[in-house]
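First comes the structure, then the notes that go with it.
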Amino acid sequence: MTKTRVSAYEQERLDNIRQNHELLVSLNLVGDAAVTLSSEGAGAPRKIVVARAAARSIGSRDDDAEDDGGWGGGKRRGAPREPSRRSKRLRGEVAEPATKAEEQLVETGDVSGLLAPAEEYFAESVVTSAIRVTGHYGGWVEPGVMERLGLKGSAAEAWESQGGGKFSFADPLGTGKKVHRRSVPGGQSVAKYVASRMLKKNPNAYFYRHTEPGVEQWTGDWTEEETAVFLDLAR
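In full-length UniProt numbering, the protein residues as written are 1 to 235.
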């Protein structure tokens with residue numbers, strides 16, 4: 001059979017393949033076995049044959065990484081894979097029927113049949129010293145801060161002193177205009193933007209998301225003094 005002459009393009013392709021293989025060998029990513037390039041015949045399939053040791057060279061790194069916790073990130077070789085957690089629905093199993101208490105919760109929102117009272121759930125030492133709250137905050141701004149910032153003495157006074165209006169989630173400022181996302185400065189949430197405008201009209205809303213003007217915000221765990229102040233207010 002007459003040997004077909006390799007075109008310049010084909011020769012360049014074969015040279016690139018050889019160079020790539022030599023680079024992989026120099027990086028110890030494949031074995032140093034020879035690469036066989038077949039280009040005989042214009043229509044003949046071209047194939048690259050690399051020794052099986054090449055795959056082993058890469059795979060062995062994963063095995064070693066599994067043994068010593070290296071960059072492979074896997075578990076130790078031979079350790080069984082833990083099954084992923086899936087719900088009964090995803091496992092194709094029939095879910096248990098809802099109890100009467102659960103059905104009542106869906107219909108009425110009453111959790112009395114599902115949750116144990118705090119007096120029964122917690123230890124007696126916790127129950128006797130616990131601070132009991134209703135979930136409604138009734139505190140106000142500290143007197144010294146009120147004086148420095150010129151704040152009113154109650155929520156109603158503060159709201160009315162700054163123009164009043166009807167509060168709603170669409171119009172939390174009570175101006176009669178809805179607050180839209182596009183009106184908020186970039187990088188700031190709507191909630192934080194609204195709170196920043198409420199220092200004198202709704203101080204509780206302001207201090208929920210901001211510190212006193214000019215006071216640096218602290219991060220980290222509370223001090224014992226801060227904890228004591230918080231508990232006193234909660235009582």
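Beta carbons are placed, not taken as given, at the ideal position from N, Cα and C, and that holds for glycine.
- By the Cβ test, the segment 178-194 is not in contact with the segment 117-125, since fewer than three Cβ pairs between them sit closer than 8 Å.
- Taking C-beta separations shorter than 8 Å and ignoring five residues to either side along the sequence, the partners of G163 in its chain run G174, T175, K201, following chain order.
- A direct Cα-to-Cα measurement between R209 and A118 gives close to 30 Å.
- In summary, H21 is buried, with 16 or more beta-carbon neighbours lying within 10 Å of its beta-carbon over all protein chains present.
- When the alpha-carbon of L199 is set against those of W159, T134, G139, the nearest one is in W159.
- Counting along the chain, V126 sits inside the alpha helix (DSSP H) bounded by residues 124-129.
- Rounded to whole angstroms, the gap between the alpha carbons of A205 and V215 is 17 Å.
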